[in-house]
Amino acid sequence: MISETPAEQRISRLDVLGPDEVAAVHELVAAAGAADGADPLDEHVTLRLRHPVAGATHLLARQPDGSPVGYAYLEPAPTPGEFSAGLVVHPGYRRRGLGRALVEVVRATAGDGRLLVWAHGDHPSAAALALDLGFARARVLWQLRRSLRGPLPEPHLPDGVSLRAFRPGADDAAWLRVNRRAFANHPEQGRWDETDLRLRLAEPWFDPAGFLLAVESATGRVLGFHWTKVHRRDGGGEAGPVEPVGEVYVLGVDPDAHGRGLGRALTLAGLHHLRAAGLTRVMLYVDESNNGAVALYTRLGFDTWVRHVQYRWPATTAD
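Going left to right, the sequence shown walks through residues 3 to 321 as this note's numbering numbers them.
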């Protein structure tokens, strides 16, 4: 599909991107992240750039010389009839109608399906465009941060529970089970399967020593986990110095183990691990509506850094 934008760039619809196109999108993402103080695409989309899936659509807005200045990604969501999308426009090519053109092509590609689009950083321009095109705010994701320089309470595990590192291959099935149970009502995390896990275990940042499992000492049963991550360059993400930052990547507790203080203990164990690795600050993502998790992290010294907003179209739904 080829269409002309007001800025006379072409929008090409592709099923798979070539290596040069993937590299160009990464450069585009880096430029937008540096200008906006927030990564324009989430981890899921960046993984799909390198590991494409059937049914996905890539949209590239190009200059006349062919170089990309805008990008959008669309794929069917786990919920039938629903599509998820993300997009980015180069800072030097904004205010020319390019973002609007990408959204309109994404919307046309989704057809009669419900469309969910992330706007990272909650910028006023994204909110204005969403309002103008008839989208509604559907979900807010907070990034919280805290320093690791000051006092950090010691973790206190419940009786009969111990910590150990994740063992790739041996612990995959047990972890996936607990992850599904812990995030049964989460729109993305609870749907991870073996492929989603293996893709992340193969990433350069993965460190099994930072993937902590809380296990029942008597049986070895996995009760919860804290998977940490280290971003080696904190410049393509949120505004700030280009230096490493730790992340509470995924933290979950089996519902059967709730009420024992395991969430707090796992959080603190991961923070101590990150500090011992030389990190001086840590971040995490949490849904604004997850009052329990927000309260836990706030008590542990985290504060809001930036907000990401998911917009829904049509704005009204039948359910």
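The beta-carbon is built from N, C-alpha and C at its ideal position, and this holds for glycine as well.
Nearest-angstrom Cα separation, counted from valine 91 out to glycine 239: Within the sequence shown, the letter at position 237 stands for residue 239. Within the sequence shown, the letter at position 89 stands for residue 91. Confidence at glycine 239 is low in this model, with a pLDDT of 42, below 50, so its placement is unreliable and no value can be given for it.
Can you tell which of Leu270, Phe85, Thr318 has its C-alpha closest to the C-alpha of proline 157? Walking along the sequence shown from the start, residue 157 turns up at place 155. Ranking Leu270, Phe85, Thr318 by Cα distance to proline 157 puts Leu270 first.
Compute the distance between the beta-carbons of tyrosine 299 and leucine 146, then report whether it is under 7 Å. Here residue 299 is taken as the residue at index 297 of the sequence shown, counted from 1. Here residue 146 is taken as the residue at index 144 of the sequence shown, counted from 1. The Cβ atoms of tyrosine 299 and leucine 146 lie closer than 7 Å to each other.
Since glutamine 145 sits in a beta bridge, which residues does DSSP pair it with? Position 143 of the sequence shown, counted from the first residue, corresponds to residue 145. In the DSSP output, where bridge partners are listed per residue, glutamine 145 has Tyr287, Val308.
Classify arginine 234: buried if its beta carbon has 16 or more other beta carbons within 10 angstroms, exposed otherwise. Within the sequence shown, the letter at position 232 stands for residue 234. The residue in question, arginine 234, is exposed, as its Cβ has fewer than 16 Cβ neighbours within 10 Å.
Helix, strand or coil for threonine 221? Go by DSSP, reduced to three states. Counting from one through the sequence shown, the residue named residue 221 turns up at place 219. Coil at threonine 221, not helix or strand.
Please report the straight-line C-alpha distance between proline 153 and leucine 302, rounded to a whole angstrom. For the purposes of this step, residue 153 is taken as residue 151 along the sequence shown, with counting starting at 1. For the purposes of this step, residue 302 is taken as residue 300 along the sequence shown, with counting starting at 1. Each residue's alpha carbon lies about 10 Å from the other.
Can you list the beta strand (DSSP E) stretches of 3 or more residues lying completely in the segment 5 to 81, in chain order? 12 to 16, 59 to 64, 70 to 78
Are alanine 160 and leucine 203 close, meaning C-beta to C-beta below 7 Å? Taking the sequence shown and counting its residues from 1, the one referred to as residue 160 is at position 158. Taking the sequence shown and counting its residues from 1, the one referred to as residue 203 is at position 201. Checking the sequence, you will find proline at residue 160 rather than alanine. No, these two residues do not count as a Cβ contact at 7 Å.
If you draw a straight line from the C-alpha of asparagine 293 to the C-alpha of tryptophan 144, how long is it? As a working note, residue 293 is residue 291 in the sequence shown. As a working note, residue 144 is residue 142 in the sequence shown. Straight-line spacing of the CA atoms in asparagine 293 and tryptophan 144 works out to 12 Å.
Cβ-heavy atom distance between glutamate 245 and the ligand SAH below 6 Å? In terms of ligand content, the structure shown is empty, and the ligand SAH therefore cannot be addressed.
Would you kindly report the start and end of the unbroken beta strand (DSSP E) that includes tryptophan 120? Translated into positions along the sequence shown, residue 120 becomes position 118. First-last of the beta strand (DSSP E) with tryptophan 120: 116 to 122.
Other residues of its chain near glutamine 191: CB distance less than 6 Å, five sequence neighbours each side excluded: For the purposes of this step, residue 191 is taken as the residue at position 189 of the sequence shown. Excluding sequence neighbours, glutamine 191 sits near Phe185.
Nearest to threonine 81 by CA position, among Asn187, Val255, Ala317, is which residue? Counting from 1 along the sequence shown, the entry for residue 81 is found at position 79. When only C-alpha atoms are compared, the closest one is Asn187.
For alanine 112, which residues from the same chain have a beta carbon less than 6 Å from its beta carbon, with the 5 sequence-adjacent residues on both sides left out? Residue 112 sits at position 110 when you count from the first residue of the sequence shown. Hits under 6 Å: Phe85.
Suppose you measure from the CA of isoleucine 4 to the CA of valine 108; what does that come to, to the nearest Å? Position 2 of the sequence shown, counted from the first residue, corresponds to residue 4. Position 106 of the sequence shown, counted from the first residue, corresponds to residue 108. Note on isoleucine 4: pLDDT 40, under 50, position unreliable in the model; no value is reported.
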